[in-house]
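Chains A and B supply the protein sequences, listed in that same order. Note that my numbering has the first sequence beginning at 4, numbered continuously upward. Note that my numbering has the second sequence beginning at 18, numbered continuously upward. Glycine included, each C-beta is placed from N, C-alpha and C at the ideal position. Everything numeric in this text was worked out from a predicted model, so none of it was measured.
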Amino acid sequence: MTESKTLEKVACYHCGDDCLTSSYIIEDKTFCCHGCKTVFEVLASSKLANYYSYNEHPGATRARTDKRFDYLSSADIITELVDYTDSQITIVTFFIPHIHCSSCLWLLEQLNTINPAIHYCRVDFLKKQLNIRFDNQKINLQEVVELLYDIGYEPLISLQDIIKKQNGLIKDNLVQKIAVAGFCFGNVMLLSFPEYFGLSDYETTFKHFFGWLNILFTLPVVFYSGRGYFIAAWQNLKQKIVGIDFPLALGIGVLFIRTCAEVITRSGAGFADTLCGLVFFLLVGKLVQRKTYHHISFERDYRSFFPVAVHIIEDNVDKPVSLAQLKTGHRMLIRHNEIIPADAILLKGEALIDFSFVTGESIPVKKTWGEVVYAGGRQTGEAIELEVVKPVYQSYLTQLWNNEAFTRQKDNRMQTFNEKVSRYFTVVLLAIAFGSLFFWLPTDVRRGFAAFTAVLIVACPCALALSTPFTMSAALSIFDRNFFYLKNVAVVEQMAAIDTIVFDKTGTITTGGSQEIKIDGLLSAKEQLLIYSACINSTHPLSRIICQYLGNQQRLAITRYAEIPNLGILATIEGHRLRIGSSKLVLGYKEIEDKVSKVYLMLDEEMLGFFEFTHQYRDGMDNIRKLEPAYHTFLLSGDQDHEREELTRFFKTPNTMLFSQSPQSKLDFVQTLQQQGRQLMMVGDGLNDAGALKQSDLGIAVTDDVNNFSPGSDAIMDGRSFHKLPAFLRFSKDTVNIIRFSFLISLTYNLIGLSYAVTGKLSPLTAAILMPLSTVTIIAFTSLATHLAARKRKLA
Amino acid sequence: MSIIYLLIGCSVLLALVFLAAFFWAQRSGQNDDLYTPSMRILLDDEEEPPAEK
């Protein structure tokens, strides 16, 4: 728009960001910062410049350069990190968030070229992990990490990941179980064909041979593949819950016993193929349900936010200690951009602490000597020294994690449709089974038992058990495509039941930087300097933003200075009289039409203009307004209520906006709403929301980068898809309806089967056709219907 | 027709070998990462390959 010279935008050769200066150029390649240039130099000197030929701008920006890995030389931290070590080699696995393209893969597997002491490196692309084996005589862990850092791939090392690794992964060999079930299913099918097509008299010897073979094949299916169902059913019975596992286990058991009985007594062919097919399909359903996002963690807490180690000063030397060893009385050294891990008293230096992640307040807070600084803040500015007053786990912030909300098992908060239905289903099933038994018993004992077992076989809720996993996994992949990642399939049903939504403000409905500053009017360099010199003395948030906006300037001596609370600043500098502040102070009357915060400027009774502060709300806030009246919406903010006026656009009803909320009061508020019988969804982003997210029936963490820290939650939403929230809610309701409908379909099949079964004359062929047919119908219906629903909601 | 006994025995044995092979592959971690190799194959090593260990 302006006539001023328009610089041609040049993208950094390394990271692709816009280059604001032209001081970093090598040959014809431009870089945005010194860090990016260094990475290029390292790679070029190792003849690895091919990195740039596979993809354009593959690197991560390196504007921030602070290399602090000396804590990795401490022995107890090393032992916690590495997978294996002996006197010669060390094997370690790192999580590297930046892995995103084939260039990353190529470069990270070429580490050997840069340093021959690294023997082996292998990337797991989806997990964003790098497995390294190196010669620990020639290179140590710290040097490996520094090497990774130098080439632009800083590993994410956090306390929690270490702990998680120790817990290990649960392996239930599901794939192997499916393989066994599938293998047996195939063989049994082949062996059953002759029976179905009819065998001539002289072939009856084969019949028995096939029968015995079938039993042999069902053994691993029942006792290896299907074991989990018996265990689950038994555990449910012990807890007096009738889940879906009970009729399934009953079905499997009865199928097996009846097959054995028929083959041994030579009275029939048994249901071996139905049995194997049933177990096979059920296990496949289980596998489908198990969707994992390796690179996203839903269980993060303060430990993954805090650093692994902190520097302490002891006997005038600073050394790194791990957080677990940090004790009261230790003197910590915190440098620029580091996080304060424990409540401490400021001893030395000027602290300007950014608590945005803890309190939601976006403006750094100034602390002076002797003041207590709470854990979780990030120091900006010079290095400071603090004395620890409380251990890490007892800090003001981390105490939140001692709340019972964090110890409570959260999985069964809401009864799923499946659980509700299967209880009645089981009762009705048993009633029909015993009914038919007692009906036939007086006349024909054999037929009675035949009918009894047939009912249990045919009504085995295979289709019912499959409808949920297939619908949900289809739904999950739809959400996933829209950058909305759910922890597990149960979350979809929880989302459908929600009637109340609570939003956090900073970072959730506003974007990162929160406040945008705009200047109306032109300021000369001299005027800027005067304003800067006045504002730098004030700790008011707006003054701070103005100072940041004006950049680092020379500070002028002030003759007179007065700060009037809620109004502004009066100052005299070098004979100039300045008025900076609200309209009431500067203009003498209150400007009523101001919708946004403004700071007026007046110099020597002459109006200079004003700064305008607008809030950056996420796209689609209008959609949030439309959620009413179907949903009750609330706003919980850790901030002061400067923005109340503006927010009434989105939250109309009074009393739905609460400001100045502490992490604990957020949790309490959620609890109070729940006690009123509401199903509550919390949408938040920071550590301060962690309690509320945990307490709520469904916690959604909003983040601009899913690899960054986000508090423990049920779902993680990328900020880009925030405007789709109403569509997500509607879609979750659709999926629940699909599950209900597919239940009706499976019931129809069950009724058809039952009409044969109660007569006691269920042929193995009928069962063998009915079971796979119903399964295929359900799978086809659920996947198709889910995708149609997604298209309707414009999510596909 | 008694040849069927032998044939079935052979076929089951063969199938068991494949099942065992799958188990071995699964245990040795060959199926742990199914995505990265598909990318790796597209990258070519130019220059001289690093000396083998």
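Do A:A792 and A:T738 have their C-beta atoms closer together than 8 Å?
-> The Cβ atoms of A:A792 and A:T738 sit closer than 8 Å to each other.
Hey, is B:G46's beta-carbon within less than 8 Å of any beta-carbon in chain A?
-> No, because no Cβ of chain A sits closer than 8 Å to the Cβ of B:G46.
Starting from the C-beta of A:V779, find all residues in its chain whose C-beta is less than 8 Å away, skip the five residues before and the five after it, and write them out in chain order.
-> Correct list: empty, nothing qualifies.
Test: B:L59 CB closer than 8 Å to a CB of chain A | Yes, B:L59 counts as interfacial toward chain A.
Check the Cβ of A:N190 against every Cβ in chain B and list those closer than 7 Å, keeping chain order.
-> Neighbours of A:N190 in chain B, taken as residues at a C-beta separation under 7 Å, are given in chain order as V29 and A32.
CB contact below 8 Å: A:A182 versus chain B | Closer than 8 Å to some Cβ of chain B, the Cβ of A:A182 qualifies, so yes.
Nonlocal neighbours in the same chain, by C-beta distance under 6 Å from A:Q556, ignoring five residues either side = For A:Q556, same chain residues with a beta-carbon under 6 Å away, outside a window of 5 residues either side, are L532 and Y535 in chain order.
Contacting residues, own chain, Cβ-Cβ under 7 Å from B:Y52 (five flanking each side not counted) | Around B:Y52, the same chain offers no residue with a beta carbon nearer than 7 Å, after the five sequence neighbours per side are excluded.
Give the secondary structure of B:E69 by DSSP, where H, G and I count as helix, E and B as strand, and everything else as coil.
-> Because the pLDDT at B:E69 is just 42, under 50, the model does not fix this residue reliably, and the value given afterwards should be weighed accordingly. Coil.
Within the chosen definition, does the region 242-259 of chain A reach the region 463-475 of chain A through at least 3 CB pairs nearer than 8 Å?
-> Touching, yes.
Within this structure, are the beta carbons of A:S476 and A:V492 separated by less than 8 Å?
-> Result yes, Cβ atoms of A:S476 and A:V492 sit closer than 8 Å.
Straight-line Cα distance separating A:R723 from A:C550 | So the alpha carbons of these two residues sit roughly 30 Å apart.
Excluding sequence positions up to five away, which residues of its chain have a Cβ less than 6 Å from the Cβ of A:M605?
-> When the five nearest sequence neighbours on each side are left out, the beta carbons in the same chain lying within less than 6 Å of the beta carbon of A:M605 are those of R582 and V589, in order along the chain.
Is it buried or exposed for A:Y620, if we count other Cβ within 10 angstroms and need 16 for buried?
-> Counting Cβ neighbours within 10 Å, A:Y620 comes out buried, since at least 16 surround it.
Using a Cβ cut-off of 8 Å (strictly closer), state whether B:L23 contacts chain A.
-> For B:L23, the answer is no, since every Cβ of chain A falls outside 8 Å of its Cβ.
Going along the chain, which unbroken runs of the beta strand (DSSP E) with 3 or more residues stay wholly within the region 190-268 of chain A?
-> Taking only runs of at least 3 residues, no beta strand (DSSP E) segment lies wholly in the region 190-268 of chain A.
Does A:Y54 have its Cβ less than 8 Å from a Cβ in chain B?
-> False, the Cβ-Cβ gap to chain B never drops below 8 Å.
When DSSP labels each residue in this structure, what does A:T514 get in the three-state scheme?
-> In this structure, A:T514 counts as strand in the three-state DSSP scheme.
On the DSSP bridge assignment, give the partners of A:I755 in chain order.
-> In the DSSP secondary-structure assignment, A:I755 is not bridged to any residue.
Can the beta-carbon of A:I520 be found closer than 8 Å to that of A:I548?
-> Inclusion of A:I520 and A:I548 in the CB contact set at 8 Å is warranted, their separation being smaller than that value.
Whose C-alpha, out of A:I512, A:K601, A:A574 and A:T562, is nearest the C-alpha of A:D523?
-> A:D523 has its Cα closest to that of A:K601, out of A:I512, A:K601, A:A574 and A:T562.
Might you give, ordered along the chain, the residues of its own chain that have their beta carbon closer than 7 Å to the beta carbon of A:G62, omitting 5 neighbours on each side?
-> Counting only Cβ-Cβ distances below 7 Å, and skipping sequence neighbours, we find H17, C18, C39, V42 and G155.
Helix, strand or coil at A:Q91 according to DSSP, with G and I counted as helix = Per DSSP, reduced to three states, the secondary structure at A:Q91 is coil, with no helix or strand assignment.
Find the nearest neighbour of A:F128 within the set B:D50, B:L59 and B:D61, judged by alpha-carbon distance.
-> For A:F128, the closest C-alpha among the options B:D50, B:L59 and B:D61 is that of B:D50.
Please name the residue in A:L639, A:T617, A:T474 and A:E566 whose C-alpha comes closest to that of A:K289.
-> Nearest C-alpha to A:K289: A:T474.
Contacts around A:L84, its chain only, beta-carbon distance under 8 Å, and the 5 residues preceding and following it disregarded | Excluding positions up to five away in sequence, the list reads L75, V95, L144, I160 and I165.
Quick one: does A:L129 have its CB under 8 Å from some CB of chain B?
-> The beta carbon of A:L129 falls within 8 Å of a beta carbon belonging to chain B, placing the residue at that interface.
CB-CB under 7 Å to A:P729, same chain, minus the five flanking residues each way: which ones, in chain order?
-> Annotation for A:P729: N626, K629 and L630 place their beta carbon closer than 7 Å to its own, counting only its chain and skipping 5 residues before and after.
So, is the C-beta of A:Q643 closer than 8 Å to a C-beta in chain B?
-> Chain B contact via Cβ: absent.
Under 9 Å from the C-beta of A:Q179: neighbouring residues of chain E | The structure shown contains no chain E; the protein chains it does contain are A and B.
So A:F301 packs on A:D20, CB below 8 Å; how close in whole Å?
-> Contact between A:F301 and A:D20 is absent: CB atoms are separated by about 30 Å, not below the 8 Å threshold.
Does A:L108 get closer than 8 Å to chain B when you measure Cβ to Cβ?
-> Yes, A:L108 lies at the interface with chain B (some Cβ there is under 8 Å from its Cβ).
Are three or more beta carbon pairs between the region 222-231 of chain A and the region 175-195 of chain A nearer than 8 Å?
-> Taking a cut-off of 8 Å on C-beta distances, the region 222-231 of chain A touches the region 175-195 of chain A, as three or more cross pairs fall below it.
Identify which residue in A:I512, A:G280, A:A500 and A:G380 has its Cα closest to the Cα of A:V461.
-> In this structure, A:G280 is the residue among A:I512, A:G280, A:A500 and A:G380 with its C-alpha nearest to the C-alpha of A:V461.
When the cut-off is 8 Å and only beta carbons count, does A:F186 lie next to chain B?
-> So, interface residue.
Nearest-angstrom Cα distance between A:G591 and A:F654?
-> Pairing A:G591 with A:F654, the inter-Cα distance amounts to about 32 Å.
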